[in-house]
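The sequence shown maps to residues 40 to 175 in the numbering used here. Every residue gets a Cβ at the ideal spot worked out from N, C-alpha and C, and that includes glycine. Since the structure comes first, as C-alpha cells, the remarks are kept for the end.
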Amino acid sequence: MAEQVPGQVVSFEAENIFAERYVCVELGTSANQVDLPDATNEKIIGVIQDVTDAANEAVPVMISGITKVVAGGVITKGDYLTAVTSTGRVQKCPDVSASWTGTSASTEHIIGIALEGATAAGEVIKMLIRPMVLAH
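Spelled out as C-alpha cells, the structure:
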C-alpha cells in the first residue's frame, strides 16, 4: 500500500479544478499557479495532494519526498516516471535505445522513480520525487 514520506509541501493556487489528487502539475499561467500538463514532456514541479472544487483555490503540492501518485498504465518498480498529458498521472519513461550513440535524439523530463509497481491505470503507488532530464 502506498505511504507517503513528505519532504517539502508548498501551497499554490489551482489554475483549474483538480478532480483527482496525487497527479503531477506544472507551473500555471499566472504567478503562484499550477495546472495539469497540457503538452507532452512538460516540466513537472510536483504532485498535488488534494482535490479542488474551483479554480483559484489553494492546493498543496509536494515537491520533494515520497508521494502517492496515480498510475496512467502499467509501471514496474524502479521505472523512471513522466507525466501523462492532460491527466497528470504518471507513466513509464520511454526506454533508452540500445543503439544510442551519445547524441541526444530526445529528452524526457522525469518527475521521479517508481517505488512500487502498478498493473493498471488508476492504481495509486509510491514515487520518489526526483526531477531530472534524461537525454536519449
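Between residue 85 and residue 116, the CB-CB gap reaches or exceeds 8 Å.
Per DSSP, residue 130 is one residue of the beta strand (DSSP E) stretching across 129-131. If you draw a straight line from the Cα of residue 50 to the Cα of residue 118, it comes to about 28 Å. A direct Cα-Cα distance of roughly 8 Å separates residue 151 from residue 171. In the three-state DSSP reduction, residue 61 falls in the coil class, being neither helix nor strand. Residue burial is scored here from C-beta neighbours: residue 47 has fewer than 16 other C-beta atoms within 10 angstroms and is therefore classed as exposed. Considering only 112, 111, 89, the residue with the shortest C-alpha distance to residue 101 is 89.
With fewer than 16 neighbouring CB atoms inside 10 Å of its own CB, residue 93 falls in the exposed class. At least 8 Å separates the beta-carbon of residue 105 from that of residue 153. Rounded to whole angstroms, the separation of the alpha carbons of residue 132 and residue 109 is 15 Å.
Residue 64 sits close to residue 74, with the two beta carbons spaced by under 8 Å. DSSP links residue 45 through a beta bridge to 104. With 16 or more other CB atoms across the displayed protein chains lying within 10 angstroms of its CB, residue 128 is buried. Remark: C-beta atoms of residue 122 and residue 146 do not approach each other more closely than 8 Å.
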